[in-house]
Amino acid sequence: MHKWMLLAVAAILLAGCQRQSGQDDGITTKSLQRAETIRQLELTLKTLEPPSMSKEVMSLSDGELAEWMTGIDDWTYRVLSSPGSGELDELGLESIRRQLLKVYSPEMAGRAIAYYYHYDSLSGGTQADAAGTMLALRGGIEDYELSRWQPAPDQYCIELTGSTGLGQTANRIEHRSSYRLEEDKLVVTEFRLIPSS
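Here's what the structure looks like:
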């Protein structure tokens with residue numbers, strides 16, 4: 000009888016160890032998946048060259064400047080949408096933030112991330128919103144008017160009004176952006192659509 004009791008206790012302990020091991024495997028698998036997601040994200044972000052932020056950009060023609068602004072919007076969208084899964088943890092968000100800081104001020108980079116992502120309480124992670132572009136310039140802008148001014152020696156402002164889309168689907172937009180000069184490099188401090196009145 001004593002042998003049977005020992006065998007029963009041993010079987011219970013062995014089953015508990017196997018169950019714990021299976022739970023650890025799930026945690027390890029999830030950790031490995033997250034590490035691989037971050038690795039893939041970092042590789043993708045390395046391929047996304049930011050637009051030129053040289054101060055000479057401000058001496059471009061109106062058409063070239065409008066194209067440059069469209070390039071910023073497109074690059075921003077590609078950076079924000081670079082995670083293949085649409086779900087990020089804090090490490091992934093930090094990778095995206097670092098990439099955005101190549102063009103944007105810390106405040107503006109934070110706003111771009113907040114616009115594109117939201118916290119999902121079910122998964123405990125951050126999910127991409129299917130909101131499309133941040134500023135609606137990616138498709139190009141037609142019939143535009145561009146005005147620029149320099150409120151201070153190290154600041155530039157641009158206001159762009161025009162149409163996006165074609166024919167019946169054309170939308171009239173007004174866009175405003177501001178830039179600060181830091182060590183001969185432009186940093187975007189504002190980049191947004193102005194709501195229609």
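Going by numbering that gives the first Met the number 0, the first residue of the sequence shown is number 0, and it counts up by one from there. Just so you know, even glycine gets a beta-carbon here, dropped at the ideal spot from N, CA and C. Computed from a predicted model, the values in this text were never measured in an experiment.
Suppose you measure from the CA of residue i to the CA of residue j; what does that come to, to the nearest Å?
{"i": "G91", "j": "T43", "result": "12 Å"}
{"i": "D183", "j": "S53", "result": "7 Å"}
{"i": "V102", "j": "L64", "result": "15 Å"}
{"i": "S104", "j": "G139", "result": "24 Å"}
{"i": "E173", "j": "W74", "result": "20 Å"}
{"i": "S176", "j": "V56", "result": "14 Å"}
{"i": "P152", "j": "Y114", "result": "30 Å"}
{"i": "L180", "j": "T160", "result": "24 Å"}
{"i": "I193", "j": "S94", "result": "29 Å"}
{"i": "P197", "j": "E35", "result": "Any question about residue 197 goes unanswered here, given that the chain covers just 0 to 196."}
{"i": "D142", "j": "S122", "result": "44 Å"}
{"i": "R96", "j": "S60", "result": "30 Å"}
{"i": "K45", "j": "W67", "result": "20 Å"}
{"i": "S37", "j": "G62", "result": "Checking the sequence, you will find Ile at residue 37 rather than Ser. Each residue's alpha carbon lies about 38 Å from the other."}
{"i": "Q39", "j": "T28", "result": "16 Å"}
{"i": "S30", "j": "E158", "result": "46 Å"}
{"i": "S120", "j": "R191", "result": "28 Å"}
{"i": "L100", "j": "L185", "result": "11 Å"}
Among all the DSSP beta bridges, which residues are the ones paired with residue i?
{"i": "Y103", "result": "V187"}
{"i": "R171", "result": "S162"}
{"i": "Y155", "result": "Y178"}
{"i": "L145", "result": "L159"}
{"i": "E66", "result": "DSSP, once it has assigned bridges, lists no residue as partnering E66."}
{"i": "E86", "result": "Q126"}
{"i": "D119", "result": "G124"}
{"i": "S53", "result": "K184"}
{"i": "L192", "result": "H174"}
Within its chain, find whatever has a CB closer than 8 Å to the CB of residue i; leave out the 5 residues flanking it on each side and keep chain order.
{"i": "Y116", "result": "L79, L87, L92, T125, Q126, A127, D128"}
{"i": "I106", "result": "The sequence shown places Glu at residue 106, rather than the Ile named in the question. The residues are T188."}
{"i": "R33", "result": "D88, L90"}
{"i": "L47", "result": "W74, R77, V78, S81, Q98"}
{"i": "E41", "result": "S94"}
{"i": "S51", "result": "W67"}
CB-CB under 6 Å to residue i, same chain, minus the five flanking residues each way: which ones, in chain order?
{"i": "Y118", "result": "T125"}
{"i": "Y155", "result": "M57, Q149, Y178"}
Excluding sequence positions up to five away, which residues of its chain have a Cβ less than 7 Å from the Cβ of residue i?
{"i": "R171", "result": "S162"}
Indicate whether the contact test is met: 3 or more Cβ pairs, each with one atom in the region 102-112 and one in the region 137-151, closer than 8 Å. No, the region 102-112 does not touch the region 137-151.
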